Amino acid sequence: QNTQKIIVIPGDGIGPEVTEEAVLTLQALGAGLEFTFLDRINADRYLRDGVALTDGELEEVRTAGTVLFGAVGDPRVTNPDYARGVLLRLRTDLDLYVNYRPAVLLDERLSPLRDESRRGIDCVVVRENTEGLYTGVGGSLRTGTPDEVTVDQETNTHLGVSRIVEYAYGVARRSVCMVDKSNAVRFGGQLWQRVWRETRDRHPELDSSHLYVDVAAMKLVKDPASFDVIVTNNSYGDILSDLTAELAGGLGTAASANINPVTGMGLYEPVHGSAPDIVGKGLANPAGAVLSAALLLRDRGLKSEAEALERAVRRTVAERRCTPDLGGTLNTRQAGEAIRAALD
Ligand code: NAD
Ligand code: IPM
Ligand code: MN
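Each residue of the sequence shown is one higher than the last, beginning at 5 in UniProt numbering.
What follows is the structure in structure tokens.
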């Protein structure tokens, strides 16, 4: 069996709770993975030493190439430097330009929609993961005064937009919907439009459409089953992927892969955050972390193992052997054990 090294960054809040279940489940599969825990990367250290992620840790991650990530964020940390210093730094410094966020309805009863015929969401948000409003370009004048002025610039490069739109067309099964706000945003909107039209014309085999982000949010609620791949920028992808997560079963179930398809590096994490409101209560649903581990397996070429994990999650949810957010009565550990028991 091949041994592959995985870096595990549990992080904060429910991050360690759900990541532990994901690791135990990967171990139960016996896929020959080897885990190195970087559990010193957390808000406690940031508050104590002001260190988010060291250069050494970044290099360790770069060498391994694959990360299983929990969540970062703590109510005691109010400035964005911490999350930016850990998660956004990993995404940008490793150039993980695709944030792949699938949403497939886990079980009928979990849809928040009344209309049964439109519940069957099975789509992917392909989120640009290195540019947009997240680059940190900007500044503040007269900070802290009543005359304060702040600017956060949105960066869009031709390279960045082309590679994410091309990736979206490469993974689509039926259609690609490009989402932007080019009716209001002056320059970036035009760049996304131009690149999308050029890419669309090279892929006549797929249906192409465009929606402004406000209408996309509406249409996702009205007719989620009509979407296949949604490609969009960093901010809109962040927002729409929480929406698609809820349509598919709940934020606790949503998985994501932050990847660079050229280098093969990847960071796999649930879409949710550190959930300080439920930390330590056994209420955290491990499904999002486990399904993120399945995405990791898929990218490492372990397709049948990935499918076994996905089947096990589905089965436990269908049988209500899950956490309260999905209508079950199990705690995080028990839900993880149920998934492992359901592995065939
Ligand atoms: P959140 O995703 O942590 O929580 C939103 C709501 O969903 C909460 O009510 C929470 O209890 C619930 N929830 C989330 N995950 C769940 C799970 N696995 N099982 C059951 N319920 C779950 O979002 P937030 O409250 O806005 O953010 C909390 C902290 O997490 C903040 O510091 C934020 O910046 C950070 N955050 C980090 C990541 C990440 O590391 N990728 C993602 C989102 C938010
Ligand atoms: C996510 C999170 C992050 C983001 C935060 C924690 C910076 O919400 O991974 O979706 O906005 O990308
Ligand atoms: Mn988010």
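Note that beta-carbon positions come from the ideal geometry of N, C-alpha and C, so glycine has one too.
Quick caveat: nothing in here was measured; it's all calculated off a predicted structure.
- By the CB criterion at 7 Å, residue 247 and residue 224 fall inside the cutoff.
- For residue 8, the three-state secondary structure derived from DSSP is strand.
- In this structure the stretch 248 to 264 lies against the stretch 121 to 136, because at least three pairs of beta carbons, one per stretch, are closer than 8 Å.
- Where residue 191 is concerned, the enclosing alpha helix (DSSP H) starts and stops at 191 to 206.
- Checking the DSSP bridge columns, you'll see residue 215 partnered with 183.
- Contact annotation, residue 196 with residue 186: C-beta distance approximately 6 Å; criterion of less than 8 Å satisfied.
- In the assembly as shown, residue 205 is an exposed residue. Its beta-carbon has fewer than 16 other beta-carbons within 10 Å.
- A Cβ-Cβ contact shorter than 7 Å links residue 296 with residue 259.
- With 16 or more other CB atoms across the displayed protein chains lying within 10 angstroms of its CB, residue 167 is buried.
- Annotation for residue 245 indicates a beta carbon at 6 Å or more from all heavy atoms of the ligand NAD.
- Every residue whose beta carbon comes nearer than 5 Å to a heavy atom of the ligand IPM appears here in chain order: 87 and 242.
- For residue 168, the enclosing alpha helix (DSSP H) covers residues 162 to 175.
- At a Cβ-Cβ threshold of 7 Å, residue 339 and residue 316 do not count as neighbours.
- Around the beta carbon of residue 299, 16 or more other beta carbons sit within 10 angstroms, so the residue counts as buried.
- Listed in chain order, the beta strand (DSSP E) runs fully inside the stretch 5 to 69 are 8 to 15 and 37 to 41, counting runs of at least 3 residues.
- For the 7 Å CB-CB criterion, residue 147 and residue 183 do not form a contact.
- Relative to residue 100, the option among 133, 241, 109 and 303 whose CA is nearest is 133.
- The chain-ordered list of residues whose CB is nearer than 5 Å to some heavy atom of the ligand NAD reads 75, 76, 77, 255, 256, 276, 277, 278, 279, 281, 282, 288, 289 and 329.
- Nearest to residue 194 by alpha-carbon distance, out of 181, 165 and 172, is 165.
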